[in-house]
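Chains as they are written, first to last, in the working numbering: chain A, 3 to 174; chain Y, 2 to 534.
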């Protein structure tokens, strides 16, 4: 049994790819990102994801960030279960009125200094759903937003790039 | 097409699958449900049709259809859509009512509550009258689907109301409240567990958190543009929804799409099925503390999505299916790439299947967890993939095969244990079968056009779409205005199989321990967005 598992791991090898370029020089990108995170936070960057009404397309791509190709934890980034443990909120969806209170409470529960990144067209500008009796539209209509990542849904690399940009802005 | 004991005139809707339409009178409404139940049929969907729109200038010229309540059923013959015209208001303030169906089909209960929230129509005699989608965020007397889409009134935001959960009393019973913001990267919903020690006595779900007015938005969009919105009802099923909506629109417009377009749609549908199954198989391994499974399957899924991006231009294949066909053809090199990917993925999944199968620790978590017996599944109307894992042998691709499935003899994957292990097994079987189907499609796909014009009709019409998505069957009912109404969408109901399956999850968890809930929940992997609309 365990032999089969080990064999499959060996056969698969390491599939992780280089971290995305965020406009700085390419060299030692991953190491520098990690160092920057440590300088700012003194620890790994912790993220709480909040779906406030998305179609779940964005969730699929955020989940994909956890696959071996993107090596998220290797960069010093991890998703946590509670906003109280989080440095950054990753928010998706046109904020539904049924989720508005939950989003505000999640924001309030996140300790300062906190970052908010809006993921996907709906979170950026309301998307195809817009504003209605049921939605408040863009996330910034409800809580302050530091960085937006457009796309429907944005691919994992774009999401990672947006997260890194939000963190860099804080350090700069 | 007929329902035993009822004399109904059915009109066949032009669609690749057998769908009939008929109007019923109040006495036939419940009788039809009972007759279907006795035939071994199922409730496919229940929704309120167009309800007379307040302050509508068209209301005077007789163009607005009378308010109606609709139900769709499935028997071995196909699907049939029944429409019950509702009597005009007897007196001011009296709501529109129709007979309750929850006693015949328990799955109807939440659909009826949603119809009450959105359209202001009420099931007479229903036991559960709590609001479902309206959490208090908009006034209780505002019915969004009664509004004229051109003149939507501003709606004041109101305070959320406390939901009266069913309370379980007893020695040592306590509650665990979870959500709407969950611990993982998943959609929002609230679960209220009543437990003793670690054992779950009862689970009550409260959904509707992602309600974003999808069906009202549908009525504001032009029919040809609305496919984009249909593809965003549930992102994991974007291909299936886009196809179901386009099928409904093409049915309403009497359009037959080119054969090659149907083959390409099916190719995408099977690729979507595999992508989701790969993701779920990994996630279920992970929920049973087997991180190796997640790493391996998520890697395969990423390869799969990247190929979709290369060939179809989008990782999830969003907006690739359009009214009249598909937005682009595939060439020889792309065909070869997809074929090679099947060849590469199949042995890997086979290896992982053998590992899952032989892993005692994993099987110990999978087997007997979250069991839904075939009898319970049949009683509650469990459908789709989860239904097939509990002996509910329905698969649209086998029951009513249309182009291109009619030439492929799709093998249905079923299991009788109804536990997590059975749902894992059905997913593996469906991955292998879909790989076979994709290979045949790539080999045998006819040449020709991939897009044809869709001409919107002069007269008001209706159409329906019915597609076997990866989670189960999707149903779209479309009522289209005539040319003098700018072919406006009067009503478009998009039905997700999650409506049927969420209530069954409440039963599946009973008697299991709390730590097994994430695993059991994942084994169903139901859509919040698809149900909340």
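The beta carbon of each residue, even a glycine, is placed where N, CA and C say it ideally should be.
Beta-carbon separation of residue 189/Y and residue 449/Y under 8 angstroms?
no
Does the distance from the C-beta atom of residue 371/Y to that of residue 502/Y stay below 8 angstroms?
no
Got a sec? Which residues, its chain only, sit under 8 angstroms from residue 137/A by beta carbon, not counting five neighbours each side?
Excluding residues within five positions, the ones whose Cβ falls inside 8 angstroms are 55, 96, 97, 98, 99, 128, 131.
Do three or more CB pairs link the segment 138-158 of chain A to the segment 164-175 of chain Y at distances below 8 angstroms?
no
How many angstroms separate the CA atom of residue 306/Y from the CA atom of residue 316/Y?
Taking the straight line joining both Cα atoms gives about 5 angstroms.
Helix, strand or coil: which one does DSSP assign to residue 233/Y?
coil
Does the Cβ-Cβ distance between residue 468/Y and residue 434/Y come in under 8 angstroms?
no
Note down, in chain order, every chain Y residue with its Cβ under 7 angstroms from the Cβ of residue 99/A.
Result: 138, 139, 158.
Just checking: is the beta-carbon of residue 62/A within a distance shorter than 8 angstroms of some beta-carbon in chain Y?
yes
Do you know whose CA, among 18/Y, 281/Y, 71/Y, 186/Y, lies nearest residue 51/A's CA?
Considering only alpha carbons, the answer is 186/Y.
By Cβ distance, which residues of its chain are closer than 8 angstroms to residue 80/A, with the 5 residues on each side in sequence left out?
46, 47, 48, 49, 74
Quick one: is residue 28/A near chain Y, going by C-beta distance under 8 angstroms?
Residue placement at residue 28/A is poorly supported in this model, since its pLDDT is 41, which falls under 50; the coordinates still yield a value, given next. Not one chain Y Cβ lies under 8 angstroms of residue 28/A.
Which of helix, strand or coil DSSP assigns to residue 16/A
coil
Residue-chain proximity (residue 317/Y, chain A), Cβ-Cβ < 8 angstroms:
yes
Here's the rule: buried if 16 or more other CB atoms are within 10 angstroms of the residue's CB, otherwise exposed. What is residue 8/Y?
exposed
Using CA coordinates, which residue listed in 504/Y, 98/Y, 490/Y is at the minimum distance from residue 121/Y?
Among 504/Y, 98/Y, 490/Y, the Cα nearest to that of residue 121/Y belongs to 98/Y.
Find the nearest neighbour of residue 119/Y within the set 345/Y, 135/Y, 420/Y, 402/Y, judged by alpha-carbon distance.
135/Y
Just checking, does the segment 461-478 of chain Y make contact with the segment 339-356 of chain Y on the three C-beta pairs under 8 angstroms criterion?
no
What residues of chain Y sit near residue 130/A, judged by a beta carbon separation below 8 angstroms?
218, 229, 230, 233
Quick one: what's got a C-beta closer than 8 angstroms to residue 519/Y's C-beta in the same chain, skipping five residues either side?
185, 288
When the Cα atoms are used, what is the spatial distance from residue 461/Y to residue 152/Y?
21 angstroms
Determine, using beta carbons only, whether residue 466/Y and residue 246/Y come nearer to each other than 8 angstroms.
yes
Nearest candidate by alpha-carbon position, reference residue 139/A, set 155/A, 120/A, 157/A:
120/A
Starting from the N-terminal side, write out each stretch of the beta strand (DSSP E) that is 3 residues or longer and does not extend beyond the segment 177-265 of chain Y.
191-197, 200-207
Taking only runs that begin and end inside the segment 335-414 of chain Y, name each unbroken alpha helix (DSSP H) of 4 or more residues, in chain order.
361-367, 375-381, 385-389, 397-400
Less than 8 angstroms between CB atoms is the rule here; does residue 210/Y satisfy it with respect to chain A?
Chain A contact via Cβ: present.
Taking a contact to mean a Cβ-Cβ separation below 8 angstroms, would you say residue 92/A touches residue 64/A in this structure?
yes
What distance in whole Å lies between the Cβ atoms of residue 206/Y and residue 507/Y, which are believed to be in contact at a cut-off of 8 angstroms?
6 angstroms
Going by the CB atoms, is the gap between residue 494/Y and residue 48/Y shorter than 8 angstroms?
yes
Let me make sure I understand the geometry here. Which of 333/Y, 269/Y, 454/Y has the alpha-carbon closest to that of residue 314/Y?
269/Y
So with Cβ pairs under 8 angstroms, would you call residue 136/A a contact of chain Y?
yes
When Cβ atoms are compared, which residues of the segment 38-51 of chain Y fall closer than 9 angstroms to chain A?
none
Please report how far the alpha carbon of residue 286/Y lies from the alpha carbon of residue 109/Y, in whole angstroms.
So the alpha carbons of these two residues sit roughly 33 angstroms apart.
Using DSSP with H/G/I as helix, E/B as strand and the rest coil, what is residue 291/Y?
Correct three-state label for residue 291/Y: coil.
Short of 9 angstroms Cβ to Cβ, which residues in the segment 5-16 of chain A face chain Y?
6, 7, 9, 10, 11, 13, 14
Can you confirm whether residue 26/Y, when its beta carbon is compared against all beta carbons of chain A, has any partner nearer than 8 angstroms?
no
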